[in-house]
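S.K.: My questions will all concern the structure given below.
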Amino acid sequence: MSRGTVTVAPAVPGDGAELARLEAACFAHPRSEAALRAEIAQPERYLLLVCKWQGQMEGYIGLEYVLDEGYITDLAVFSKYRRHGVGTALLRELERRGRELGLRFLTLEVRPSNAAALGLYRGMGYREEGRRRDFYTDPREDALLLTKYLKNDNTERI
Ligand SMILES: CC(C)(COP(=O)(O)OP(=O)(O)OC[C@H]1O[C@@H](n2cnc3c(N)ncnc32)[C@H](O)[C@@H]1OP(=O)(O)O)[C@@H](O)C(=O)NCCC(=O)NCCS
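When we follow my numbering, the leftmost residue of the sequence shown carries the number -9, and every step to the right adds one.
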């Protein structure tokens, strides 16, 4: 990115309020600041990365992991910062850290109507591996399951 000082780093407890504001701006069922702070306090199970530009939060990505399996729980960028590579930078750093953690794959759910997220994930090598019927509410919609294998010996499956 050529926008000056951009950082992608693990969230700290002081990011909780801004994270809650971002969730409220982007999702029908946003989590509370307390719930987000609880995740930040459990780095052995959750990884929340925030992207900041000159100290201002632009977006974040959330991962829940167990053993060698990673589940991307959230990805959101404030609307005024979209289409500047923030989502890509967050996902790329999450994958780097996922490899360091020894994760075999990353998986996630996404609405079939979410062209922006689908464009981002497909462009980064995530492939459709299934569909959950009526997974989402407000509005009701199926979820597509997308997965990317991180280890070299599984790349043929991508
Ligand atoms: C999805 C989201 C995180 C993308 O963040 P972003 O910072 O704008 O993404 P990037 O700038 O890194 O975009 C990377 C690529 O994704 C695709 N993409 C991003 N936004 C798109 C859009 N509105 N329409 C079509 N493709 C899009 C493009 O291929 C883009 O590359 P390009 O800009 O060179 O064409 C953002 O739109 C968002 O926060 N949406 C609301 C929350 C949400 O839906 N989260 C996902 C839940 S699964």
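Note that beta-carbon positions come from the ideal geometry of N, C-alpha and C, so glycine has one too.
Going by Cα to Cα distance, which pick from Thr137, Arg94 and Glu85 is closest to Val100?
M.R.: The residue with the shortest Cα to Cα distance from Val100 is Thr137.
S.K.: Terminal residues of the continuous beta strand (DSSP E) containing Leu26?
M.R.: Element bounds for Leu26: not the beta strand (DSSP E) but the alpha helix (DSSP H), Glu23 to Ile30.
S.K.: Restricting to Cα atoms, I'd like to know which of Pro3, Leu39 and Lys42 is closest to Ala24.
M.R.: For Ala24, the nearest C-alpha among the options comes from Pro3.
S.K.: Just verifying my parser: in three-state terms, what is the DSSP assignment at Asp5?
M.R.: Helix at Asp5.
S.K.: Kindly indicate which three-state DSSP category Ala66 falls into: helix, strand or coil?
M.R.: The answer is strand: DSSP assigns Ala66 an E or B state.
S.K.: I'd like to confirm something about Gly75: is its beta-carbon nearer than 7 Å to some heavy atom of ligand 1, or not?
M.R.: Result yes, Cβ under 7 Å from ligand 1.
S.K.: Nearest-angstrom Cα distance between Ile148 and Glu118?
M.R.: Confidence at Ile148 is low in this model, with a pLDDT of 47, below 50, so the placement of that residue is unreliable and no value is reported for it.
S.K.: Just mark Glu56 as buried or exposed, buried being the case when its beta carbon has 16 or more other beta carbons within 10 Å.
M.R.: Looking at the sequence itself, residue 56 is Val, so the reference to Glu does not match. Under this definition Val56 is an exposed residue.
S.K.: Can you tell me which of the three DSSP states Tyr116 falls into?
M.R.: Coil.
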